[in-house]
Amino acid sequence: MTETATLPAAFAALQPYVDTWALADENSRFHKRINAPLEELRVFYDAIAPHMEAVMQHLQGCPVAGLPAADEALLRLALSYAEVSRVFEVWQQQDVRADFFDPARLRCVGFEAAQA
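Note that the working numbering has the sequence shown beginning at 2, numbered continuously upward.
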């Protein structure tokens, strides 16, 4: 997505987060999580969390390949939510890491790589 996609109408409240959080791949989401200020993560998390049940219902049954741009942007927001949610729901801190290993050295290879 080279230009900002408009989300499905039911999710218009999340539109302000598309440019920043509808990231194209797992690696981008990981690095956004570890590098963004904690407050930025909190604002995104608090905005999207109440919508996640509806987001998942909307996306359920949609084929991942060939999604319309609006649904693809929504899926990418949901994946960013999954990346960020662990900060507040599991760890209670921005990252869990060893001081001797810089997470910038990590490269995530997951779903998106398998689709290429």
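Don't be surprised by glycine CBs; every beta carbon is placed ideally from N, CA and C.
If you ignore the 5 residues before and after Phe89, its C-beta comes within less than 6 angstroms of the C-beta of Tyr46, all in its own chain and listed in chain order. Here Gln16 carries a helix assignment [DSSP, helix/strand/coil]. When DSSP states are grouped into helix, strand and coil, Pro51 belongs to the helix group. Contact between Ala25 and Ala70 is ruled out by a C-beta separation of about 12 angstroms, above the 8 angstroms threshold. In this chain, the alpha helix (DSSP H) harbouring Leu80 covers Ala70 to Arg87.
Per DSSP, reduced to three states, the secondary structure at Gln58 is helical.
Taking the C-beta atoms as reference points, Val85 is found nearer than 7 angstroms to Arg34. Straight-line measurement puts the Cα of Ala37 at about 23 angstroms from the Cα of Leu8. Distance from the Cα of Gln16 is smallest, within the candidate group Glu73, Val65 and Arg87, for Glu73. With distances taken between CA atoms, Gly62 lies nearest to Leu76 out of Ile49, His52, Leu76 and Pro51.
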